[in-house]
Amino acid sequence: MIFLKISLRNIIYMIKAIIFQIIISLPLFGQVITVKYGPLLTEKRTDTAMEKWRTNRFGQFIHWGLYAIPGGEWEGKIYTGAAEWLPVWAAIPSAHWDSLQYDFNPSRFDPKKWAKMAKHMGARYVTITTKHHDGFCLWPSKFTEFDVESTPYNNDLLRPFVDAYTEEGIDVYFYYSILDWHHPNWRKEIKSDSDQFAFEQFKSFTKNQLEELLKLYPEVKGFWFDGTWDQSWKLNGQFSYELENYLKKIHPGLIVNSRMRADEHGSRHRDSNGRLMGDYESGYERRLPDTGDTAIIQVDWESCMTIPENQWGFHKDWTTSHVKSPNELIEMLIHSVSLGGNFLLNFGPKADGTIRREEKRIAKEIGQWMEKYGEAVYNCGHAGLDKQDWGYYTKPKVGDNIYMTVFNIPINKKLKIRLPKGEQINKAYLLDRPNRSLEIQSYNKEISLVQIKTRSTSHPFVIVLELKRKES
Ligand code: JFZ
-7 MIFLKISLRN IIYMIKAIIF QIIISLPLFG QVITVKYGPL LTEKRTDTAM
43 EKWRTNRFGQ FIHWGLYAIP GGEWEGKIYT GAAEWLPVWA AIPSAHWDSL
93 QYDFNPSRFD PKKWAKMAKH MGARYVTITT KHHDGFCLWP SKFTEFDVES
143 TPYNNDLLRP FVDAYTEEGI DVYFYYSILD WHHPNWRKEI KSDSDQFAFE
193 QFKSFTKNQL EELLKLYPEV KGFWFDGTWD QSWKLNGQFS YELENYLKKI
243 HPGLIVNSRM RADEHGSRHR DSNGRLMGDY ESGYERRLPD TGDTAIIQVD
293 WESCMTIPEN QWGFHKDWTT SHVKSPNELI EMLIHSVSLG GNFLLNFGPK
343 ADGTIRREEK RIAKEIGQWM EKYGEAVYNC GHAGLDKQDW GYYTKPKVGD
393 NIYMTVFNIP INKKLKIRLP KGEQINKAYL LDRPNRSLEI QSYNKEISLV
443 QIKTRSTSHP FVIVLELKRK ES
């Protein structure tokens, strides 16, 4: 009897497993789900705006808003979660939170200083939070009172910001949260007709604000959408499709991240058939694709990264988690570029408009490195070689050289290189010492070794590799 019971359960289990297998392998059998509101384009974009996005490779993310005032502390208690989520951690009623606008007065805001810092760091683009989840707008918006115009500061922050960065030759992108804790018509879920009615109003509000941003700041290159994970937005695949289409029509060249979109079946970032929506994959948040995941090079993508474990907006206390060092951040940047992606590094300015000392130091150190080795970053991508333990290869779009950025020197000081069939090394030299060639040894038929002389360094460094076809 017991035997029978178990086997019956097993059979049910097996049937379930088989059904599951069939479902997940349907796409393999060429079963395609009909998607009307998927990607606008199924190929990588080839226009100059997108080409520029690709050459930039390194960007500065800025999270700035009312959350910089409490900086993670509420009624004497420090909350270790992300500072911009404080109203959730401390269960702060929105009326109470919203009144922070009367304390917002960044009298020391000097965007020219910010832009210079970003420039010296080597950033080629910047993405700033125009409106985060709390709904507060850094620009004077016609469509809400919850904006910078209704603060003691009473000045547009975005106009001087856009001017200062543009002046430094840095492309400006706008982060915009769809999710809005302030707006009375925002709904997480649509449960009734009245929710539906409210959400329709909310959709118009969203469209109006985006149009307004494009009109007021025509220099902007793209939007970085966020806060799109709730059921209400996922139910509106057709709307996000039409909105993306519309924004691109009124602002040719506009670049939009994948986080904006859902298809009509509620599938986000990628549609129900796995095709990327938006112009680049922006799901790599505080993480990078695995170094072996070379399939990622088929799409454009960007990783966004915090300096501490998980703080975007200004938080008073950075000591509760690991704070990444400049070398660690440079490694993440190179790792991204080696897989054909961009790297967006976050800064959380203080409420008075200044940037914390730790961030300034990190930006400066990264900048010193970039000044010397930026060649291995800008306009570079995947080199098509197998990754080795010493670091990462990157390859510029133009020319045949390959860069090796070295993070780990083996004890024997010999760096292994496995070349594709028919290729051999013509020359290898340190990027900062082009006149002195490094010795090349053969390890076996496929593998060569680049000999490093005594190089004691506290920073990663770059070797240039010149390849040539083997004579047969
Ligand atoms: C979102 C925001 O909630 C956060 O405050 C910050 O602005 C960040 C850049 O974006 O946070 C997310 C979004 C997506 C994931 C995790 C955190 N995710 O996909 O795992």
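If you count by my numbering, then the sequence shown holds residues -7 to 464, one letter each, in order.
Ideal Cβ placement from N, Cα and C applies to all residues, glycine included.
Own chain partners of residue 388 with C-beta closer than 6 Å, once the 5 adjacent residues on each side are dropped: On the sequence shown, residue 388 is found 396 positions in, with the first residue counted as 1. Excluding positions up to five away in sequence, the list reads 371, 372.
Output the boundary residues of the beta strand (DSSP E) element that contains residue 297. As a first step, residue 297 must be located in the sequence shown, where it is residue number 305. Counting along the chain, the unbroken beta strand (DSSP E) around residue 297 starts and ends at 293 to 297.
According to the neighbour-count rule (16 or more other Cβ atoms, all chains shown, within 10 Å of its Cβ), is residue 234 buried or exposed? For the purposes of this step, residue 234 is taken as residue 242 along the sequence shown, with counting starting at 1. Counting Cβ neighbours within 10 Å, residue 234 comes out exposed, since fewer than 16 surround it.
Hey, is the region 397 to 410 in contact with the region 84 to 94, meaning 3+ C-beta pairs nearer than 8 Å? no
Using only alpha-carbon positions, find the residue among 200, 103, 271 that is nearest to residue 31. Position 39 of the sequence shown, counted from the first residue, corresponds to residue 31. When each option's Cα is compared against that of residue 31, the closest is 271.
Start-to-end residues for the beta strand (DSSP E) that takes in residue 396: Along the sequence shown, read from residue 1 onward, the residue named residue 396 stands at position 404. Looking at the DSSP string, the run of the beta strand (DSSP E) that includes residue 396 is 394 to 398.
Using three-state DSSP, classify residue 452 as helix, strand or coil. If you number the sequence shown from 1, residue 452 lands on position 460. Here residue 452 sits in coil by DSSP.
Between which two residues does the alpha helix (DSSP H) carrying residue 274 extend? Within the sequence shown, residue 274 is the residue found at index 282, counting from 1. Counting along the chain, residue 274 falls outside any alpha helix (DSSP H), though it belongs to the beta strand (DSSP E) covering 273 to 277.
Those residues which DSSP pairs with residue 132 across a bridge: Here residue 132 refers to the residue found at position 140 when the sequence shown is read from its first residue. None, per the DSSP bridge assignment.
I need the straight-line Cα distance from residue 362 to residue 328, nearest angstrom please. In the sequence shown, counting from the first residue as 1, residue 362 sits at position 370. In the sequence shown, counting from the first residue as 1, residue 328 sits at position 336. If I take the Cα positions, the gap works out to 15 Å.
Given this structure, state the Cα-to-Cα distance separating residue 222 from residue 350, to the nearest angstrom. Position 230 of the sequence shown holds residue 222. Position 358 of the sequence shown holds residue 350. Roughly 35 Å between the two C-alpha positions.
Below 8 Å between beta carbons: does that hold for residue 117 and residue 200? The residue given as residue 117 occupies position 125 in the sequence shown. The residue given as residue 200 occupies position 208 in the sequence shown. No, Cβ-Cβ distance for residue 117 and residue 200 is not below 8 Å.
In this structure, how does DSSP classify residue 190 when only helix, strand and coil are distinguished? What you label residue 190 is simply residue 198 of the sequence shown in a count that begins at 1. Note: residue 190 maps to helix in three-state DSSP.
The region 62 to 77 in contact with the region 303 to 311 per 3-pair CB rule at 8 Å: Contact between the region 62 to 77 and the region 303 to 311 is present: three or more C-beta pairs spanning the two stretches fall below 8 Å.
Compute the Euclidean distance between the alpha carbons of residue 436 and residue 293, then round it to the nearest angstrom. Numbered from 1 along the sequence shown, position 444 holds the residue referred to as residue 436. Numbered from 1 along the sequence shown, position 301 holds the residue referred to as residue 293. Distance between the alpha carbons of residue 436 and residue 293: 36 Å.
From the DSSP output, which residues share a beta bridge with residue 458? The residue you call residue 458 lines up with position 466 of the sequence shown. In DSSP, residue 458 forms a bridge with 419.
Closer than 7 Å to a non-hydrogen atom of the ligand JFZ - does that hold for the CB of residue 254? As a position in the sequence shown, residue 254 is number 262, starting the count at 1. Distances from the CB of residue 254 to the heavy atoms of the ligand JFZ are all 7 Å or more.
The ligand JFZ heavy atom lying under 7 Å from the CB of residue 363: Position 371 of the sequence shown, counted from the start, is the residue given in the question as residue 363. Flag unset: Cβ of residue 363 not near the ligand JFZ.
Residue 59 classed as buried or exposed, judged by whether at least 16 other C-beta atoms fall within 10 angstroms: As a first step, residue 59 is located in the sequence shown; it is residue number 67 there, counting from the start. A residue is called buried when at least 16 other Cβ atoms come within 10 angstroms of its Cβ; residue 59 meets this threshold and is buried.
Closer than 8 Å is the cut-off here; do at least three beta carbon pairs connect the region 377 to 394 with the region 131 to 148? no
For residue 230 and residue 457, the rounded distance between their alpha carbons: Here residue 457 corresponds to residue number 465 of the sequence shown, with the count starting at 1. Here residue 230 corresponds to residue number 238 of the sequence shown, with the count starting at 1. Going by the C-alpha atoms only, they are around 49 Å apart.
What is the DSSP secondary structure of residue 53, reduced to helix, strand or coil? Counting from 1 along the sequence shown, the entry for residue 53 is found at position 61. If DSSP states are grouped into helix, strand and coil, residue 53 belongs with the strands.
For a test of the three-state rule: what should DSSP assign to residue 246, helix, strand or coil? Locating residue 246 in the sequence shown gives position 254, counting from the first residue. In this structure, residue 246 counts as coil in the three-state DSSP scheme.
Distance cut-off 7 Å: residue 51 Cβ against heavy atoms of the ligand JFZ: The residue given as residue 51 occupies position 59 in the sequence shown. The answer is no for residue 51.
For my contact list, residue 291 and residue 320 are in at a C-beta cut-off of 8 Å; report their separation, rounded to the angstrom. What you label residue 291 is simply residue 299 of the sequence shown in a count that begins at 1. What you label residue 320 is simply residue 328 of the sequence shown in a count that begins at 1. Not confirmed; about 26 Å, so no contact.
Taking buried to mean at least 16 other C-beta atoms within 10 Å of its own C-beta, is residue 253 buried or exposed? Locating residue 253 in the sequence shown gives position 261, counting from the first residue. Residue 253 should be labelled buried.
Between residue 418 and the rest of its own chain, which residues show a CB-CB distance below 8 Å, the 5 nearest in sequence each way excluded? Working through the sequence shown from its first residue, we reach residue 418 at position 426. Excluding positions up to five away in sequence, the list reads 458, 459, 460.
Considering only heavy atoms of the ligand JFZ, does any lie closer than 7 Å to the CB of residue 76? Counted from its first residue, the sequence shown places residue 76 at position 84. Yes, since a heavy atom of the ligand JFZ falls inside the 7 Å radius drawn around the Cβ of residue 76.
Where do the N-terminal and C-terminal ends of the alpha helix (DSSP H) with residue 119 fall, by residue? In the sequence shown, counting from the first residue as 1, residue 119 sits at position 127. Taken as a continuous stretch (DSSP letters only), residue 119 belongs to no alpha helix (DSSP H), being part of the beta strand (DSSP E) at 117 to 123.
At what residues does the alpha helix (DSSP H) containing residue 147 begin and finish? Here residue 147 refers to the residue found at position 155 of the sequence shown. Looking at the DSSP string, residue 147 is not in any alpha helix (DSSP H), and its letter there is neither H nor E.
Looking at the ligand ADP, does it come within less than 7 Å of residue 275, judged from the CB to the closest heavy atom? Annotation note on the ligand ADP: not contained in the displayed structure, which lists the ligand JFZ as its ligands.
Residue 429 - containing beta strand (DSSP E), residue span: Your numbering for residue 429 matches position 437 in the sequence shown. From DSSP, the beta strand (DSSP E) with residue 429 extends over 425 to 429.
What is the residue span of the alpha helix (DSSP H) that residue 329 lies within? As a first step, residue 329 must be located in the sequence shown, where it is residue number 337. Residue 329 -> alpha helix (DSSP H) spans 318 to 330.
Specify the secondary structure class of residue 439 as computed by DSSP and reduced to three states. As a first step, residue 439 must be located in the sequence shown, where it is residue number 447. Residue state, collapsed to three classes: strand.
Are there 16 or more other CB atoms within 10 angstroms of the CB of residue 143, so buried, or fewer, so exposed? For the purposes of this step, residue 143 is identified with residue 151 of the sequence shown, where counting begins at 1. By the 10 Å Cβ count, residue 143 comes out buried.
Beta carbon of residue 114 nearer than 8 Å to that of residue 50: Within the sequence shown, the letter at position 122 stands for residue 114. Within the sequence shown, the letter at position 58 stands for residue 50. Yes.
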